[in-house]
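Q:
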Amino acid sequence: MGLWDKLRQIKVNRAGVSHDQDVEGADTSDPMEGYTEIVASEIVDEKTCGRCAGNDEHEYTSMAEARDDYPDGGYRHCENPSGCRGTLVLMKDGN
Ligand SMILES: [Zn+2]
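Residue numbers (the working numbering): 179 to 273.
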């Protein structure tokens, strides 16, 4: 299960919609709803590739931009064959 599926699941659960009522064409839904900030968070150490390290703490201004860089929950430009451990952190106002 990718990051976006998880986010969608969270949204669905919050809305009180059961699994059986999963919305058709859910790909067009925006799991960013209710979030004000999207920031890339890479665990930077000696195993982290340069591209991921360089993207750490990158702030996205739109859901589309963030999703483009992290299509499966990891940085798309990652050079590490086994993948680095970056992900997106979504923040809400007032928390
Ligand atoms: Zn990487």
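Note that the Cβ used here is the ideal one computed from N, Cα and C, for glycine as well.
Is the separation between the beta-carbon of I221 and that of A244 shorter than 7 Å?
A: On the sequence shown, position 43 is the one that residue 221 refers to. On the sequence shown, position 66 is the one that residue 244 refers to. Not a contact, by the Cβ cut-off of 7 Å.
Q: Near K225, which residues of its chain fall below 8 Å by C-beta distance, leaving aside the five closest residues on each side in sequence?
A: By 1-based counting over the sequence shown, the position of residue 225 is 47. Closer than 8 Å at Cβ, skipping near neighbours: N258 and C262.
Q: Exposed or buried, A218, counting other C-beta atoms within 10 Å across all chains shown (16 or more means buried)?
A: Taking the sequence shown and counting its residues from 1, the one referred to as residue 218 is at position 40. Burial call: buried.
Q: Can you grab the Cα-Cα spacing for the pair T214 / Y253, in whole Å?
A: For this step, residue 214 is matched to residue 36 along the sequence shown. For this step, residue 253 is matched to residue 75 along the sequence shown. Approximately 20 Å, taken between the alpha carbons.
Q: In whole angstroms, what is the alpha-carbon distance linking T265 and G251?
A: Taking the first residue of the sequence shown as position 1, residue 265 is located at position 87. Taking the first residue of the sequence shown as position 1, residue 251 is located at position 73. Those two C-alpha atoms are separated by around 6 Å.
Q: With respect to the alpha helix (DSSP H) encompassing E243, which residues constitute its N-terminal and C-terminal limits?
A: On the sequence shown, residue 243 is found 65 positions in, with the first residue counted as 1. Unbroken alpha helix (DSSP H) run through E243: M241 to D247.
Q: In angstroms, rounded to a whole number, what distance separates the CA positions of S260 and C230?
A: Counting from 1 along the sequence shown, the entry for residue 260 is found at position 82. Counting from 1 along the sequence shown, the entry for residue 230 is found at position 52. Roughly 13 Å separates the two Cα atoms.
Q: Looking at N233 and ligand 1, is the gap between the Cβ and the nearest heavy atom below 6 Å?
A: As a working note, residue 233 is residue 55 in the sequence shown. The answer is no for N233.
Q: Short of 6 Å in beta carbon distance, which residues of its chain neighbour Q199, apart from the five on each side in sequence? Order them along the chain.
A: If you number the sequence shown from 1, residue 199 lands on position 21. In this predicted model, Q199 has a pLDDT of only 49, less than 50, meaning its place in the structure is not dependable; the value taken from the coordinates is given anyway. Within the same chain, Q199 has no close Cβ partners at all.
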